[in-house]
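In my numbering, the protein residues as written are 1430 to 1883.
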């Protein structure tokens, strides 16, 4: 859908957002799941939804919701799967490689989001931009099998708002003459850069919408939100957004930290506090799309001196239990080192090549590792199968586990290319049954070979 078809303007910025990305990749590679409510995320008691298919969203499930709550909402039809970061990474890379073949400069925000500013659209009409976006979406779908929604506007802010309006599976072009009306009616929180603290400050002044915020004077904005941040946000509220689209330099570390109103004085307090901080850092890591090998914990004492401890895993991973569990094991007892006023968790050694944990249940925080030496997170243990694991069999081929227990399991043998496949109920110790590389479920041999995979 486009705005005024005859209106033309200067630059056009596009925002591409892959629809329900994690769940859509699962449905792509496991064709039996197409049309079913899929929840991707942590399977434990404290698990969180990383992605929900549109079929699951109809029940009220959504990302960042506790998994137990989402399962209750969806009920018996829910298919709950652990994340497969390596698969999402390859799918994301192919989708954005496809975009780059049309739009040379792409500013990637995460696995499933990116900005572009095609030079050939400068001065184009909204209709021409909409046609370009439809061609781009069609090319992404042709090359990946995945659906993307695209928004377009005069700057990043409008383009991102437009892609939200385009969902699911659509295009929304916001022309210059409708930008003001669109912006003015939005809740102030929708403005890029307005977080919960700024939102609360504005609400206390009766400022509920972007339009009301834009109507403030520059002096009022600076007094409420500060002399640096305030004017920049005020410009965006008024529809002035000249931020360039540029390739982003990759971060070397992803971290989160928190300062406490009262010093923490016991190890139990520290262990309770590090969980939410580690989860915050982990959400940023998942958004980045890479795995981490090194976990660092930062402890600032009441005298403002800082202690840091690190541990290096045997592989790069996005497994929350492994990363946050490692952070917990790096903590020092305040009884020994003194009261702690700030705790930080950092993930580094970031890599696109990661290995999902084969034994997540064996890598919980209760396990003690020597944090002064590199950590080998691959325990030599008997094979443990879980729902969602990828397997390969010499006769039946590639498959994934739909159910397991009591020495038997149900395996659905299928990939993206096969269409819905047959199920087999087999013994867990069936000769020849082995773990498979999850990426093989994409059945993109030519593409992976082009990337240099042997």
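Think of the CB as a built atom: it goes at the ideal place given N, C-alpha and C, for glycine as much as any other residue.
In this text the structure is predicted, and so the values were computed from the model without any measurement.
Please list the terminal residues of the continuous beta strand (DSSP E) segment that includes residue i.
i	result
residue 1692	1682 to 1693
residue 1890	Because the chain spans 1430 through 1883 in this model, residue 1890 falls outside it and cannot be assessed.
residue 1830	1826 to 1834
residue 1855	1852 to 1856
residue 1924	No statement about residue 1924 is possible, as the shown extent of the chain runs from 1430 to 1883 and does not include it.
residue 1536	1535 to 1539
residue 1819	1819 to 1822
residue 1746	1735 to 1746
residue 1396	The structure shown does not extend to residue 1396, since the chain is modelled only from 1430 through 1883, so no value can be given for it.
residue 1542	1542 to 1545
residue 1467	1467 to 1470
residue 1774	1769 to 1777
residue 1725	1721 to 1730
Can you tell me which of the options puts its alpha carbon nearest to the alpha carbon of residue i?
i	options	result
residue 1638	1660, 1627 and 1615	1615
residue 1502	1481, 1515 and 1517	1481
residue 1862	1718, 1546, 1824 and 1768	1824
residue 1563	1573, 1551 and 1580	1580
residue 1473	1546, 1736, 1497 and 1779	1497
residue 1691	1726, 1741 and 1731	1731
residue 1527	1574, 1462, 1643 and 1463	1574
residue 1772	1689, 1548 and 1755	1689
residue 1463	1506, 1736 and 1634	1506
residue 1642	1578, 1623 and 1485	1623
residue 1702	1534, 1754 and 1822	1754
residue 1556	1603, 1853 and 1868	1603
residue 1822	1858, 1559, 1746 and 1816	1858
residue 1554	1687, 1504 and 1605	1605
residue 1532	1445, 1485 and 1665	1445
residue 1765	1516, 1686, 1748 and 1736	1736
How about residue i and residue j: do their beta carbons lie closer than 8 Å?
i	j	result
residue 1508	residue 1454	no
residue 1460	residue 1851	no
residue 1828	residue 1820	yes
residue 1760	residue 1696	yes
residue 1524	residue 1469	no
residue 1711	residue 1752	yes
residue 1583	residue 1608	yes
residue 1448	residue 1598	yes
residue 1544	residue 1653	no
residue 1617	residue 1628	yes
residue 1844	residue 1872	yes
residue 1634	residue 1721	no
residue 1725	residue 1734	no
residue 1856	residue 1840	no
residue 1612	residue 1680	no
According to the neighbour-count rule (16 or more other Cβ atoms, all chains shown, within 10 Å of its Cβ), is residue i buried or exposed?
i	result
residue 1719	buried
residue 1514	buried
residue 1769	buried
residue 1620	buried
residue 1589	buried
residue 1716	exposed
residue 1492	buried
residue 1669	exposed
residue 1663	buried
residue 1790	The predicted position of residue 1790 is uncertain, since its pLDDT is 35 and thus under 50; a value taken from the coordinates is nonetheless stated next. When all chains shown are included, residue 1790 counts as exposed.
residue 1595	buried
residue 1784	Caution is warranted here: a pLDDT of 47 is assigned to residue 1784, below 50, making its placement in the model unreliable, and the coordinate value is therefore given only provisionally. With 16 or more other Cβ atoms within 10 Å, it is buried.
residue 1475	exposed
residue 1577	buried
residue 1860	exposed
residue 1530	exposed
residue 1834	exposed
residue 1549	exposed
residue 1811	Residue placement at residue 1811 cannot be trusted, given a pLDDT of 42 that sits under 50; the coordinates are not used to answer.
residue 1504	exposed
residue 1762	exposed
residue 1888	It is not possible to answer for residue 1888, since the shown part of the chain is limited to 1430 through 1883.
residue 1723	buried
residue 1566	buried
Could you spell out the range, first to last residue, of the alpha helix (DSSP H) harbouring residue i?
i	result
residue 1561	1555 to 1573
residue 1587	1585 to 1595
residue 1715	1696 to 1717
residue 1527	1514 to 1529
residue 1640	1639 to 1643
residue 1659	1658 to 1666
If residue i and residue j are in contact, beta carbons under 8 Å, what's the gap, nearest whole angstrom?
i	j	result
residue 1537	residue 1757	Not quite, the Cβ-Cβ distance comes to about 31 Å (not below 8 Å), so this is no contact.
residue 1439	residue 1551	6 Å
residue 1947	residue 1682	Absent from the model: residue 1947. The displayed extent of the chain is 1430 to 1883, so no value can be given.
residue 1451	residue 1490	That pair is no contact at about 13 Å.
residue 1868	residue 1880	Between residue 1880 and residue 1868 the Cβ distance is about 10 Å, and since that is not below 8 Å, they are no contact.
residue 1647	residue 1660	6 Å
Do residue i and the ligand FAD come close, with the Cβ less than 7 Å from some heavy atom?
i	result
residue 1873	Here there are no bound small molecules, and the ligand FAD is not part of this structure.
When the cut-off is 8 Å and only beta carbons count, does residue i lie next to chain B?
i	result
residue 1734	The structure shown contains no chain B, having only a single protein chain.
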